[in-house]
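Chemist: Residue numbers (my numbering), protein chains in the order written: chain A, 236 to 374; chain B, 236 to 374.
Glycine residues also receive a C-beta, built at the ideal position from the N, C-alpha and C atoms.
Number of protein chains: 2
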Amino acid sequence: MNLGTEWLVDAEGCSAELLRDIETVRGVCEEVVSALTLRVVGEPVWHQFPQPGGVTGLYLLTESHLACHTFPETGKATFNLYCCRPRPRFDWEAVLQGSLNAKLVTVRTAARGSEATIDQASLESELSTFSAAREVSGR
Amino acid sequence: MNLGTEWLVDAEGCSAELLRDIETVRGVCEEVVSALTLRVVGEPVWHQFPQPGGVTGLYLLTESHLACHTFPETGKATFNLYCCRPRPRFDWEAVLQGSLNAKLVTVRTAARGSEATIDQASLESELSTFSAAREVSGR
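Spelled out as structure tokens, the structure:
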């Protein structure tokens, strides 16, 4: 029996200012939760690291967990979404471009929990590049 | 700039009783934290799901995060350890065999945050099998 799917999402070229704004990053996570009808158990945990650091958020879900970390000093952010129950693929590229002004988003998928499905082939990598048409000043 | 390493750890053939015992699973996480001198921010979050479910634990770390989920109904457990700062490899096989009576432990490693390092080759898979010499009744 498979124990579900984990998405490893890495965003580059984001606005440092947005990566430091805990409400902006929280908004991304809330959009993931809402779009995939995830059920949050208890209160999500958020932490703002001292300058020049970013923020970390952790959501305990009935479906497993959602985690995010931002790194304003390099314009990057990482997300983990682990769902032990089936969920469709979230449109990380569009949301991270729109919310954080990400220029490059990488989404990898890993099957969890079953030896038969754990090998190099179970990890799919997708690369999406944006034309950076949006202006950061628009935010 | 790389944003660190994530270890995806999947254990099979564990004792269902141990997977339901939140103190046992918490003990595994505390051993990870101690062995790698990780710095926990705030209080770890733990949740026990109703029978026949298992437990979930989330640790917000200065070095990123540690997450675990157990599935007693299938004898499995999954762990994520994401360290944005360098840490040595934890001996997951020995600890999960000793603590949860795991018979098979799979450890995968994923580089995070840098497009140049994100591809299939960045994911290393290791399989370790145990002889199951330990008796569950020994616990």
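Kindly list, in the order they appear in chain A, the residues whose Cβ is closer than 7 angstroms to that of B/V263.
Modeler: What B/V263 touches in chain A: nothing, since even the nearest Cβ is about 16 angstroms away.
Chemist: Residue range of the alpha helix (DSSP H) that B/Q286 falls in?
Modeler: First-last for B/Q286: undefined, no H or E at that position.
Chemist: B/E298 and B/L273 - do their beta-carbons sit closer together than 7 angstroms?
Modeler: Yes, Cβ-Cβ distance for B/L273 and B/E298 is below 7 angstroms.
Chemist: Any idea what DSSP makes of B/V275, helix, strand or coil?
Modeler: strand
Chemist: By DSSP, does B/L335 sit in helix, in strand, or in coil?
Modeler: helix
Chemist: Please classify A/E247: is it buried, with 16 or more other beta-carbons within 10 angstroms of its beta-carbon, or exposed?
Modeler: A/E247 comes out buried.
Chemist: Any beta-carbon of chain A closer than 7 angstroms to the one on B/L273?
Modeler: no
Chemist: By the criterion of Cβ-Cβ separation under 8 angstroms, what are the contact partners of B/F306 in chain A?
Modeler: L238, C319 and G348
Chemist: Specify the secondary structure class of B/S269 as computed by DSSP and reduced to three states.
Modeler: helix
Chemist: Considering A/L254, what are the terminal residues of the alpha helix (DSSP H) in which it resides?
Modeler: A251 to R255
Chemist: Would you verify that the beta carbon of A/A338 is, or is not, closer than 7 angstroms to some beta carbon of chain B?
Modeler: With the sequence shown as reference, residue 338 of chain A is identified as Lys, and Ala is not the correct amino acid for it. Chain B contact via Cβ: absent.
Chemist: Is A/T291 close to chain B, meaning its C-beta is less than 7 angstroms from at least one C-beta of that chain?
Modeler: yes
Chemist: What is the rounded straight-line gap between the Cα of A/R255 and the Cα of A/F325?
Modeler: 23 angstroms
Chemist: Nearest chain B C-beta to A/S334 closer than 7 angstroms, yes or no?
Modeler: no
Chemist: Would B/P321 be called buried (16 or more neighbouring beta carbons within 10 Å of its own) or exposed?
Modeler: Exposed, since its Cβ has fewer than 16 Cβ neighbours within 10 Å.
Chemist: DSSP state of A/R343, grouped into three classes?
Modeler: strand
Chemist: With distance defined between alpha-carbon atoms, name the residue in B/V340, B/P307, B/W281 and B/Q286 nearest to B/E430.
Modeler: With chain B covering only 236 through 374, there is no way to say anything about residue 430 of chain B.
Chemist: Please name the residue or residues paired with B/D245 in a DSSP beta bridge.
Modeler: B/T313 and B/T341
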